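There are 2 protein chains.
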Amino acid sequence: MTKYAEQILRRISESESHMTAEQIFLELKKTEPKVVQATVYNNLNALCQKGLIRKLSMEGSPDRYDKIQKHDHLVCQRCGALSDINFQDLTQDLESQLGEGILSYDLKVFYLCPACRKK
Amino acid sequence: MTKYAEQILRRISESESHMTAEQIFLELKKTEPKVVQATVYNNLNALCQKGLIRKLSMEGSPDRYDKIQKHDHLVCQRCGALSDINFQDLTQDLESQLGEGILSYDLKVFYLCPACRKK
DNA sequence: CCTGATTTTAGAATTATTCTAATTATAATA
DNA sequence: TATTATAATTAGAATAATTCTAAAATCAGG
Numbered sequence: 001m002t003k004y005a006e007q008i009l010r011r012i013s014e015s016e017s018h019m020t021a022e023q024i025f026l027e028l029k030k031t032e033p034k035v036v037q038a039t040v041y042n043n044l045n046a047l048c049q050k051g052l053i054r055k056l057s058m059e060g061s062p063d064r065y066d067k068i069q070k071h072d073h074l075v076c077q078r079c080g081a082l083s084d085i086n087f088q089d090l091t092q093d094l095e096s097q098l099g100e101g102i103l104s105y106d107l108k109v110f111y112l113c114p115a116c117r118k119k
Numbered sequence: 001m002t003k004y005a006e007q008i009l010r011r012i013s014e015s016e017s018h019m020t021a022e023q024i025f026l027e028l029k030k031t032e033p034k035v036v037q038a039t040v041y042n043n044l045n046a047l048c049q050k051g052l053i054r055k056l057s058m059e060g061s062p063d064r065y066d067k068i069q070k071h072d073h074l075v076c077q078r079c080g081a082l083s084d085i086n087f088q089d090l091t092q093d094l095e096s097q098l099g100e101g102i103l104s105y106d107l108k109v110f111y112l113c114p115a116c117r118k119k
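Those sequence lines, one after another, are chains V and B. Under this note's numbering, the first residue of the first sequence carries the number 1, and numbering increases by one thereafter. Under this note's numbering, the first residue of the second sequence carries the number 1, and numbering increases by one thereafter.
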C-alpha cells in the first residue's frame, strides 16, 4: 500500500461524505501539494479493484467513492443529496429468489430531502 | 410530444435492452437520418423529467435508459452485462423503516455472469 | 399568413476520466 | 553500497460523454 493510496483510503473510510475524485484530489493536495489527478484516479481504481472502497455511480454527477461497509443510500431526487441508511440486509432473500452467487448489491432509495420538499 | 421524443420513447419502452444515448442515436438515425446527438440527449433528458423513462447510471459505461415499469437489475461485476429481474417489491418495507415519502428505489444486484464465471 | 414559442441543428465547449511516456521512488539483488 | 528491476507518480495529451450556444427550422394560435 503506497503513501497516497493509504491516505486516500483513510479519507474515504473515515469520512461520512461521499466524495468525488475531484474532491478527494483537492483534499489530498492540502497535505500533499505535489499530487496530481491521475494519481488519485489510479489509486481509486486500484482500491476499488482490491475491494477496499466502492464506487457509486450517481446520475448527473461524477462518480463518488464510499467506504466498503455495507449500507444503503438515500438520494434526493431533486438535488442529489446523498445520505447513508441501514436498511435490512437483502442477501438472504436475494439468494433464495435468484439462486446462489450474489456478490453484493446496491440499493438507492429516492425521496425529496426536506429542503427540496419546500417547493 | 414531438416526433423524435415519441420515437425515442417507443424504442426504449419496447426494447428489452438498456441502450446508451449513443445506441439510441444510431438506431434512430436509421429511420431519421437527419437527427443529431444533441437532439437525442435533449429528448432523453426531457423524457426522464416527465417520468416516462428512467436513467441508469452504470459504473464504467455511459448512462443507459430504461422503461419506467418497476423492475430491478442483475449486473455482472466483471463485464457489466445487465439483465432485468423482478425481486420482491420493497416499497412497504422501506416506508415502514424509513418513513413516508419514498418516491422510488433502484436495486442493482451484482454477480458473475456464466461467461465470466468460467475464469 | 404572421407571430411567438418550441424544437432541432451544428458545432464548439465542458467535464470526467483514461492513456502515454518519461521520471521518480521503492524493493530486491549482487 | 551500487545495480537492477518493479511499481508508482507525474505532466500533459487524448478520449468519451454530455451540455451549451446561437442560428435555423418547425409548429400552433390568432
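Cβ atoms here follow ideal geometry from the backbone N, Cα and C, with glycine treated the same way. Owing to the predicted nature of the structure, the values given are computational and were not obtained by experimental measurement.
**Prompt:** Is the distance from the Cβ of L94 (chain B) to the Cβ of I85 (chain B) below 7 Å?
**Reply:** Counting from 1 along the second sequence, the entry for residue 94 (chain B) is found at position 94. Counting from 1 along the second sequence, the entry for residue 85 (chain B) is found at position 85. Contact: no.
**Asked** Going along the chain, which unbroken runs of the alpha helix (DSSP H) with 4 or more residues stay wholly within the region 18-89 of chain B?
**Response** 21-31, 37-49
**Asked** Can you tell me whether DSSP reads S104 (chain V) as helix, strand or coil?
**Response** On the first sequence, position 104 is the one that residue 104 (chain V) refers to. S104 (chain V): strand per DSSP, three-state reduction.
**Item:** Sheet register partners of Y111 (chain B) (DSSP bridge)
**Value:** Taking the second sequence and counting its residues from 1, the one referred to as residue 111 (chain B) is at position 111. According to DSSP, which records beta bridges pairwise, Y111 (chain B) is partnered with B:C76.
**Prompt:** In chain V, which residues lie with their C-beta within 8 Å of the C-beta of M58 (chain B)?
**Reply:** For the purposes of this step, residue 58 (chain B) is taken as the residue at position 58 of the second sequence. Under the 8 Å cutoff, chain V gives S57.
**Request:** State buried or exposed for K130 (chain V), treating a residue as buried only when at least 16 other CB atoms are found within 10 Å of its CB.
**Result:** Within the shown structure, residues of chain V are numbered from 1 to 119, placing residue 130 (chain V) beyond reach of any answer.
**Secondary structure of E95 (chain V), DSSP reduced to three states** = As a first step, residue 95 (chain V) is located in the first sequence; it is residue number 95 there, counting from the start. Three-state result, E95 (chain V): helix.
**Request:** For G101 (chain B), go through chain V and note every residue whose CB falls closer than 9 Å to its CB, in chain order.
**Result:** Within the second sequence, the letter at position 101 stands for residue 101 (chain B). Per Cβ cutoff of 9 Å: Y111, L112, R117.
**Classification of A21 (chain V) by the beta-carbon crowding that lies within 10 angstroms, buried from 16 upward** = Your numbering for residue 21 (chain V) matches position 21 in the first sequence. By the 10 Å Cβ count, A21 (chain V) comes out buried.
**Closest by C-alpha distance to M58 (chain B), when choosing among B:L82, B:P114, B:F25** = Numbered from its first residue, the second sequence carries residue 58 (chain B) at position 58. When each option's Cα is compared against that of M58 (chain B), the closest is B:L82.
**Asked** Taking one C-beta from the region 34-43 of chain B and one from the region 60-69 of chain B each time, how about it: are there three or more such pairs within less than 8 Å?
**Response** no
**Prompt:** Whose Cβ in chain B lies nearer than 9 Å to the Cβ of D93 (chain V)?
**Reply:** To locate residue 93 (chain V), count along the first sequence from 1; it is residue 93. By Cβ distance, chain B contributes F87, Q88.
**DSSP state of E16 (chain V) mapped onto helix, strand, coil** = Counting from 1 along the first sequence, the entry for residue 16 (chain V) is found at position 16. E16 (chain V): coil per DSSP, three-state reduction.
**Asked** Can you check whether the CB of R64 (chain B) is closer than 7 Å to the CB of L112 (chain B)?
**Response** The residue given as residue 112 (chain B) occupies position 112 in the second sequence. The residue given as residue 64 (chain B) occupies position 64 in the second sequence. Going by C-beta atoms, L112 (chain B) is not nearer than 7 Å to R64 (chain B).
**Request:** Show which residues of chain V have a CB atom less than 7 Å away from the CB atom of K108 (chain B).
**Result:** Against the second sequence, residue 108 (chain B) aligns to sequence position 108. Here the neighbours are Y105, D106.
**Request:** Could you tell me which of B:I8, B:K30, B:S17 sits nearest to L52 (chain B), measuring between CA atoms?
**Result:** By 1-based counting over the second sequence, the position of residue 52 (chain B) is 52. With distances taken between Cα atoms, L52 (chain B) lies closest to B:I8.
**Request:** Check whether the region 100-111 of chain V touches the region 35-50 of chain V, counting contact only when three or more Cβ pairs, one atom from each stretch, lie closer than 8 Å.
**Result:** no
**Item:** Close Cβ partners of P62 (chain B) (< 6 Å) along its chain, the five nearest in sequence each way excluded
**Value:** Residue mapping note: residue 62 (chain B) aligns to position 62 of the second sequence, counting from 1. The answer, listed in chain order, is T20.
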